[in-house]
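Structure first, then comments.
Protein chains: 2
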Amino acid sequence: MGYEDKVRKVIPYTPGEQPRGEVIKLNTNECPYPPSPKVMAAVRGLDERDLRKYPDPLCSGLNSAIAEYYGLEEDQVFTGVGSDDVLSMCFLTFFNGHDPILFPDITYSFYDVWASVYGIPYKCIPLREDFSLDSSEYRKVKNGGIVLANPNAPTGIAEDLSIIEEIIEANPDSMVIVDEAYIDFGGETALPLLKKYENLIIVRTMSKSRALAGIRAGYAFGNKKAIKYLNDVKFSVNSYTMNTAALAAAKAAIEDDGYFREITEKVIRSREQLKTGLKDLGFTFGDSKANFVFARHEGVLDGETAADFAKRIFEGLKERNIFVRYFSRKVINEYLRISVGTEEEMRILIDTLKELI
Amino acid sequence: MGYEDKVRKVIPYTPGEQPRGEVIKLNTNECPYPPSPKVMAAVRGLDERDLRKYPDPLCSGLNSAIAEYYGLEEDQVFTGVGSDDVLSMCFLTFFNGHDPILFPDITYSFYDVWASVYGIPYKCIPLREDFSLDSSEYRKVKNGGIVLANPNAPTGIAEDLSIIEEIIEANPDSMVIVDEAYIDFGGETALPLLKKYENLIIVRTMSKSRALAGIRAGYAFGNKKAIKYLNDVKFSVNSYTMNTAALAAAKAAIEDDGYFREITEKVIRSREQLKTGLKDLGFTFGDSKANFVFARHEGVLDGETAADFAKRIFEGLKERNIFVRYFSRKVINEYLRISVGTEEEMRILIDTLKELI
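Sequences listed follow chains A and B, in order.
So for the first sequence, numbering that gives the first Met the number 0 puts the first residue at 0; every next one is plus one.
So for the second sequence, numbering that gives the first Met the number 0 puts the first residue at 0; every next one is plus one.
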């Protein structure tokens, strides 16, 4: 038998491809612009003598910069190696009950993977047909916790804050994690609710709007007690998760608010340009508030279904070095998730789609 | 009741203090020398346009450099955010059985913390009085896995490879993790055993001998199947753990073998100098093969026990801005763990100890 019967066997999350070289990469919702020049200056300015020493395990410099930016206290902030690390720690910390945790059937596909790897029971709640959230479904199920992405991925749909609040209010005995990875591109943040509810954690990432996917930095807001629980678990897994370069880079990114606003506005403009282009080509999609559009097309060839079309276009684009995201899972296999790039990239994409259709 | 009854409540690992400013820091086994100049050159040479993109989730460049250096295949290597991340992933992956895992009662104090956070039953096996490992104790207990640090921490004692092999051979149904964080400073690596045994994972860190504590890089060697299991779990927790800066820095550190050998020899020379100085002051200690010495003193003041002495000296040194490690746990509270610094730092330490005693 050997050691293998004691191995935790899992079906891991599949991240989007990371092709190198000259491609148009619209498959993992990165920012099409480089990070603030102050980020690279901070990294280049590191003292090599500091690299021999462990980084600050409390991430104080970064956490206080984040706290100041959002008008919170430093001990209401938790940082990690991308929002994936932060979310993973939240699952491990707050979802330790017996009842299943709840999240939508169509959402970030890492949620069920974390539940599985940590042995957390879960139940997927169907979205409405237009991909909107039915909050009443979260008010009647005894649960061990709730996770909501707002705006949701891969749909891009943002819910009104009142819907999110209804769910938090109806579940005082469960931690509700609101994953706001895409909130900077639209939608209403749950941040004002932190004062009102103890059972709320808000998770953010610097990989999208802060153009820092390569640095791996994410953060969470919560009340002090919840952040303390989160830190206890983090310090039971890895005391020093954020390296010296990440701490410096992420701090510089948070501090350069002007640059952040500038690139965010550019992405939002490109997104609206992309929507117009896709609409002209016969695609349909919800009103994305994220930095991607989740688009469907009835198909054009004889007997071609929406799913056939999505797959054909995905592959055709890839052959032309344009990477978008295609999911093979039923229902969403009728869609392409296209990250918002520069205006130039959006033009090339639309032209190539015209050719392919 | 609120959300708190579903919280995972843990007693986290306590890392050594990370004081900033002008201190002599001999408390977390960092390297007293900066990393290779090529490391900082690699970090400064990063293209800022790369920071906006996710890093390579497979860490191919780094893993192939490590594989080449040690004469292994790339898919026998796993990298993570320090050896703490690697060990934590190993616990989660390989210790999923029902029987308790085994490790010595005096060893790296993170092992029982990982076991607790992941709900893994464990049993501590006493070391002999001289802190050596009694391999027979590991041959008669039905277990779910074994973890051995060699050289051990905080004792610094290295075991002959034959002892380690006896344990691996006697437990074919358990994964044996050999934590070689300190192996570059002495002791025999278990690397040659990888060809013979499937149930072996060897874990290394770049925080000590490679002077890269601030970059957070650790790695593991194993057979391909075991590394695949480890990657499946890693990709179920966080797809991108190593950021772009860490990948570049760690690769440069591995590639500069000349510099690595030079600083390692210097640390070994300083260690032997430290041993001589401590011995002259009446300390006793085992034959450390690590970059620290675990030293005990009978005490000098009226009625002063070894534990009183250790605590008094720890505090006295701290007041003089010299940080060493003191553990309050019984038995080991009679010892000070002193990291090896530069020759100059060792001179100042010994002079200060003279004063204090």
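Ideal Cβ placement from N, Cα and C applies to all residues, glycine included.
DSSP bridge partner residues for residue i (one or two, in chain order)
i, result
"R215 (chain B)", "Beta-bridge pairing links R215 (chain B) to no other residue."
"A294 (chain A)", "A:F284 and A:L335"
"L101 (chain B)", "B:K122 and B:I145"
"D178 (chain A)", "A:A148 and A:V202"
"G78 (chain A)", "Checking the displayed sequence, the identity of residue 78 (chain A) turns out to be Thr instead of Gly. In DSSP, T78 (chain A) forms a bridge with A:Y218."
"Y325 (chain B)", "B:L335"
"K24 (chain A)", "A:F322"
Supposed contact pair residue j and residue i - C-beta distance, whole angstroms, cut 8 Å
i, j, result
"F184 (chain A)", "K288 (chain A)", "6 Å"
"E297 (chain B)", "A305 (chain B)", "6 Å"
"R215 (chain B)", "G81 (chain B)", "4 Å"
"S269 (chain A)", "M345 (chain A)", "5 Å"
"A210 (chain B)", "Y181 (chain B)", "Actually they are not in contact, since the Cβ atoms of A210 (chain B) and Y181 (chain B) sit about 14 Å apart, beyond 8 Å."
"S87 (chain B)", "N237 (chain A)", "6 Å"
"I321 (chain A)", "T351 (chain A)", "6 Å"
"T106 (chain B)", "A148 (chain B)", "5 Å"
"P18 (chain B)", "Q17 (chain A)", "Not really, about 39 Å apart at Cβ, beyond 8 Å."
"E47 (chain B)", "M39 (chain A)", "4 Å"
Rounded separation between residue i and residue j - CA only
i, j, result
"A294 (chain A)", "E187 (chain B)", "58 Å"
"D74 (chain A)", "V339 (chain A)", "34 Å"
"S63 (chain A)", "E318 (chain A)", "46 Å"
"K329 (chain B)", "A248 (chain B)", "40 Å"
"P31 (chain A)", "V42 (chain B)", "22 Å"
"T78 (chain B)", "N26 (chain B)", "25 Å"
"C123 (chain B)", "A189 (chain B)", "22 Å"
"A309 (chain A)", "D84 (chain A)", "31 Å"
"G70 (chain B)", "K37 (chain A)", "40 Å"
"F220 (chain A)", "A169 (chain A)", "20 Å"
"G257 (chain B)", "Y68 (chain B)", "12 Å"
"E254 (chain B)", "T204 (chain B)", "15 Å"
"L300 (chain B)", "E333 (chain B)", "15 Å"
"F259 (chain A)", "I201 (chain B)", "43 Å"
"K278 (chain A)", "Q272 (chain A)", "10 Å"
Nonlocal neighbours in the same chain, by C-beta distance under 6 Å from residue i, ignoring five residues either side
i, result
"I349 (chain B)", "G276"
"T92 (chain A)", "Y228, L229 and V232"
"F130 (chain A)", "T154, I156 and G285"
"L355 (chain A)", "I312 and G315"
"A368 (chain A)", "Absent from the model: residue 368 (chain A). The displayed extent of chain A is 0 to 356, so no value can be given."
"P125 (chain B)", "D104"
Buried versus exposed, by CB contacts within 10 Å (16 or more), residue i
i, result
"R51 (chain B)", "buried"
"Y239 (chain A)", "buried"
"T283 (chain B)", "exposed"
"P171 (chain A)", "exposed"
"Y218 (chain A)", "buried"
"S135 (chain A)", "exposed"
"M0 (chain B)", "exposed"
"R336 (chain B)", "buried"
"K141 (chain B)", "exposed"
"V175 (chain B)", "buried"
"S35 (chain A)", "buried"
"S208 (chain A)", "buried"
"E179 (chain B)", "buried"
"G302 (chain A)", "exposed"
Same chain, Cβ closer than 8 Å to residue i, five either side skipped, listed in chain order
i, result
"L192 (chain B)", "L160, I163, E164, I167 and L199"
"V9 (chain A)", "V112, S115 and V116"
"K250 (chain A)", "A41, G60, L61 and A64"
"P120 (chain B)", "H97, D98, P99, I100, A114 and G143"
"I347 (chain B)", "I23 and I321"
"L432 (chain B)", "Outside the displayed span of chain B (0 to 356) sits residue 432 (chain B), for which this structure offers no information."
"K274 (chain A)", "F284, S287 and V292"
"K223 (chain A)", "E72, D74 and Q75"
"C89 (chain A)", "M174, I176, I200, V202, A219 and L229"
Neighbourhood of residue i by C-beta, 7 Å cutoff - its chain only, sequence neighbours within 5 removed
i, result
"Y110 (chain A)", "F102 and V146"
"S108 (chain A)", "Y12"
"N242 (chain A)", "P54"
"I262 (chain A)", "C30, Y32 and A210"
"A245 (chain A)", "I214, R215 and A216"
"Y325 (chain A)", "A309, K310, F313 and L335"
"L45 (chain B)", "T243, A244 and A247"
"N290 (chain A)", "N28, Y181, F184, K207, V266, R270, S338 and V339"
"F94 (chain B)", "I100, I119, G143 and G144"
Per-residue contacts from residue i into chain E (C-beta, under 8 Å)
i, result
"F94 (chain A)", "Looking at the structure shown, chain E is missing, and the protein chains on hand are A and B."
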